[in-house]
Structures are given as C-alpha cells and as structure tokens.
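Residue numbers (our numbering): 256 to 411. A virtual CB, placed ideally from N, CA and C, is assigned to each residue, including glycine. Quick caveat: nothing in here was measured; it's all calculated off a predicted structure. Here is the structure we will look at.
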C-alpha cells in the first residue's frame with residue numbers, strides 16, 4: 256500500500272539500530288528514545304528524538320545528525336566541513352573538547368525535534384542551530400570554567 260506522506264515509527268529496543276537505519280535509507284522518518292548524556296542539555300538522556308532522512312541539499316552547519324559509529328547510532332552536532340563538504344566534523348554538545356570527522360554520506364538523518372516530558376522542542380530551526388554552534392564556540396571558556404571549578408573543589 257502506498258501513502259501520500261512518509262510514515263513514522265517509534266522504536267525503543269536496543270537492537271533497533273538496523274531497523275532505524277533501514278527506515279531512514281527508505282526516506283521514512285523515525286522517533287526513538289535517546290540514551291546517554293553526550294548531547295545535554297539539548298537532548299537529555301531519555302528524551303524522544305525525531306529524525307528525518309538526510310536532505311538532498313547540503314547539510315546546514317549546526318544541525319544534529321544521526322550517524323553510525325562502532326555499530327551504534329549516534330546523534331551529534333555538525334559544526335564544520337572540509338573537502339567540499341564530503342567530510343564533516345561532528346561534536347557532542349556536552350563535550351568540552353574533541354569531535355570526529357565522518358564522511359558526509361555516512362549521515363543517516365537529521366534531528367527535527369526532541370520531546371522532553373510533554374514539551375516538544377524544534378532542533379532544525381536557524382535559532383536552534385545557532386545556539387548549538389555558539390555552545391561549540393564557547394567550549395574553550397567552558398573548559399576553563401570546568402578546570403577552575405575542579406581546582407577550587409580540590410582546595411576546599
């Protein structure tokens with residue numbers, strides 16, 4: 256049966272990575288419960304994350320992208336590109352340093368929104384992408400504050 260709109264499924268089982276990947280490759284949006292603290296505060300552990308298939312146009316900087324690494328699906332923020340956009344640098348919002356380069360065609364989808372409790376928050380707007388890029392730009396300051404707090408605690 257053919258539908259005039261893409262269907263969406265909610266998946267929560269750990270073994271659902273393959274199903275999520277297959278659905279996104281078939282241009283079907285998916286929603287699932289995010290696990291882990293790497294995208295705090297943007298996507299808290301346990302929030303529902305809605306992913307759209309990757310756009311046909313180039314990815315927008317600041318977007319949260321879903322990709323596979325080491326057999327696991329990971330959603331992190333795209334902050335810059337190289338090689339004409341063929342490789343993208345992805346970071347976790349909560350990280351104070353580091354990131355990974357991945358092939359742009361390894362992106363399975365782009366986060367559209369997250370749902371925390373009864374509140375749904377868009378992640379695909381210019382404002383949301385800008386906030387994420389600002390958080391990335393402030394990482395050196397966040398690192399310094401973190402070190403300062405740690406040294407203050409060790410002297411207390």
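I need the DSSP call for residue i, collapsed to helix, strand or coil.
{"i": "residue 399", "result": "helix"}
{"i": "residue 350", "result": "coil"}
{"i": "residue 307", "result": "strand"}
{"i": "residue 371", "result": "strand"}
{"i": "residue 312", "result": "coil"}
{"i": "residue 293", "result": "coil"}
{"i": "residue 387", "result": "helix"}
{"i": "residue 267", "result": "Residue placement at residue 267 is poorly supported in this model, since its pLDDT is 49, which falls under 50; the coordinates still yield a value, given next. The answer is coil: DSSP assigns residue 267 none of H, G, I, E or B."}
Name, in chain order, the residues that DSSP records as bridge partners for residue i.
{"i": "residue 331", "result": "320"}
{"i": "residue 344", "result": "335 and 356"}
{"i": "residue 366", "result": "306"}
{"i": "residue 409", "result": "None, per the DSSP bridge assignment."}
Just to confirm my understanding: we take residue i, look at its own chain, exclude 5 residues before and 5 after, and list those with CB closer than 7 Å. What are they?
{"i": "residue 401", "result": "351"}
Which stretch, first to last residue, makes up the alpha helix (DSSP H) that contains residue i?
{"i": "residue 271", "result": "Element bounds for residue 271: n/a, residue is neither H nor E."}
{"i": "residue 378", "result": "It is not in any alpha helix (DSSP H) - residue 378 carries neither H nor E in the DSSP assignment."}
Identify, in the order they occur along the chain, each residue of the same chain with its Cβ nearer than 8 Å to the Cβ of residue i, setting aside the five sequence neighbours on each side.
{"i": "residue 385", "result": "317"}
{"i": "residue 288", "result": "267, 301, 302, 303 and 304"}
Tell me, please, whether the region 304–317 touches the region 286–296 by the rule of three or more beta-carbon pairs shorter than 8 Å. Yes, the region 304–317 is in contact with the region 286–296.
Taking 8 Å as the cut-off, does the region 362–374 touch the region 312–319 (at least 3 CB pairs, one atom from each stretch)? yes
Is it the case that the region 333–350 contacts the region 402–409, given that we only count it when at least three CB pairs across the two stretches are under 8 Å? No contact exists between the region 402–409 and the region 333–350.
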